[in-house]
Amino acid sequence: MQVKFVMTQLHFKKIIIFGVGLIGGSFALALRRANAVGEVVGFGRSAETLKQAQQLGIIHRIGVDVRVEVSDADLILLATPVGQMPAIMAQIVPHLGAHTLVTDGGSTKCDVVQHAYENFGVHVKQFVPAHPIAGGEKSGAAAAHAALYQGKKVVLTPLPENMPESVTRVQSAWELCGASVSELTPQQHDEVFAAVSHLPHLLSFALVHDISQRDNRDLLLSFAASGFRDFTRIAASSPEMWRDICLANREALLREVQQYADELYTVYQALEKSDAARLEEIFRVASGVRSNWTQNN
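Numbered per this note's numbering, the sequence shown spans residues 1484 to 1780.
This is how it looks when you write it as structure tokens:
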């Protein structure tokens, strides 16, 4: 069913989205719901996905000629897996309009920023990196919805070359989607999200993979309940996207894996020694931190 929108005052006349899946599609739907954009043009690898996005009312048109579309765009969102971004940057940079801004939805920032410097050159001032802290286990245009960013956080990692008004304009786009915007440096961003996002995804994938390799896998899964379901929900996320994220943030993630391995060994030792007091202490600290976090977020 196609979503219909009523136009009022526009913040952006034309936006281009590369990768009209959950992240890019939800960005478009949120801005359209806010009556903040006149036209949304979509580019992507899959003609079928782009056609579906148009039928669902996510985009107005499917892009054909990057050169023509990019030159008069107000904002371009790179919402593809991070591994695809360098090629897209190289493709669009010769055709950027003087007032065209580019942002992204990548879950890593140091690598994306490096790619931007390598590909945009003097135009890097037009690129304002971003990471929306929102998502889901389902991907593709059909998973997109206008409320995805409502009440969620978006992190900007502005570059020294960015003009303040450019950062403000990109910030306003995410705020129009309902998000709360914060700023970090690219390095701070990658260190933070290695611990609280990338590591949990890696662990979830690893646990399900471990179960999948066992001879009694079907029996195990037949008795898995809410605890297993909650812990492994994110293992249904896009393998391609999370492959790129893990490799892009490899150094920070390796440090987090090692630290987690050390913690696991501490638990292993307590269990091996039947050290009830140590186990309870670990569980009590973890339970308290988790309870306080859920109450405040």
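Ideal Cβ placement from N, Cα and C applies to all residues, glycine included.
Just list the beta strand (DSSP E) runs in the segment 1629-1688, keeping only unbroken ones of 3 residues or longer that don't cross its boundaries, in chain order.
-> 1636-1639, 1663-1666
Measure the beta-carbon distance from residue 1592 to residue 1645 and round it to whole angstroms, keeping in mind my assumption that it falls under 8 Å.
-> The residue given as residue 1592 occupies position 109 in the sequence shown. The residue given as residue 1645 occupies position 162 in the sequence shown. Incorrect: roughly 14 Å between the Cβ atoms, too far for contact.
Would a C-beta distance cut-off of 8 Å place residue 1677 and residue 1735 closer than the cut-off?
-> As a first step, residue 1677 is located in the sequence shown; it is residue number 194 there, counting from the start. As a first step, residue 1735 is located in the sequence shown; it is residue number 252 there, counting from the start. Yes, the Cβ-Cβ distance between residue 1677 and residue 1735 is below 8 Å.
Assign residue 1512 to one of three DSSP states: helix, strand, or coil.
-> If you number the sequence shown from 1, residue 1512 lands on position 29. In this structure, residue 1512 counts as helix in the three-state DSSP scheme.
Could you tell me whether the Cβ atoms of residue 1612 and residue 1586 are closer together than 8 Å?
-> Within the sequence shown, residue 1612 is the residue found at index 129, counting from 1. Within the sequence shown, residue 1586 is the residue found at index 103, counting from 1. The answer is yes: Cβ separation under 8 Å.
Helix, strand or coil: which one does DSSP assign to residue 1726?
-> Working through the sequence shown from its first residue, we reach residue 1726 at position 243. Helix.
If we ignore side chains and look at the alpha-carbon of each, how far apart do residue 1740 and residue 1704 end up?
-> For the purposes of this step, residue 1740 is identified with residue 257 of the sequence shown, where counting begins at 1. For the purposes of this step, residue 1704 is identified with residue 221 of the sequence shown, where counting begins at 1. C-alpha separation (whole angstroms): 26 Å.
Anticipated Cβ contact below 8 Å, residue 1691 with residue 1668, distance rounded | Here residue 1691 is taken as the residue at index 208 of the sequence shown, counted from 1. Here residue 1668 is taken as the residue at index 185 of the sequence shown, counted from 1. With a Cβ gap of about 33 Å, residue 1691 and residue 1668 do not count as contacting.
Report the option in 1550, 1519, 1557, 1638 whose CA atom is closest to the CA atom of residue 1577.
-> Here residue 1577 refers to the residue found at position 94 when the sequence shown is read from its first residue. With distances taken between Cα atoms, residue 1577 lies closest to 1550.
Contacting residues, own chain, Cβ-Cβ under 8 Å from residue 1713 (five flanking each side not counted) | Within the sequence shown, numbered from 1, the residue matching residue 1713 stands at position 230. Answer for residue 1713: no residue qualifies.
Rounded separation between residue 1507 and residue 1663 - CA only = Against the sequence shown, residue 1507 aligns to sequence position 24. Against the sequence shown, residue 1663 aligns to sequence position 180. Going from the Cα of residue 1507 to the Cα of residue 1663 covers about 17 Å.
Would you identify the three-state DSSP class for residue 1778, choosing helix, strand or coil?
-> Stepping through the sequence shown from its first residue, residue 1778 is reached at position 295. Residue state, collapsed to three classes: helix.
Pairwise C-alpha distance: residue 1761 and residue 1754 = Position 271 of the sequence shown holds residue 1754. Position 278 of the sequence shown holds residue 1761. Looking at the two C-alpha atoms, the distance is approximately 9 Å.
Within the same chain, show all residues whose beta-carbon is closer than 8 Å to that of residue 1537, passing over the 5 residues directly before and after it, in chain order.
-> Residue 1537 sits at position 54 when you count from the first residue of the sequence shown. Only 1525, 1543, 1544, 1545 meet the Cβ criterion.
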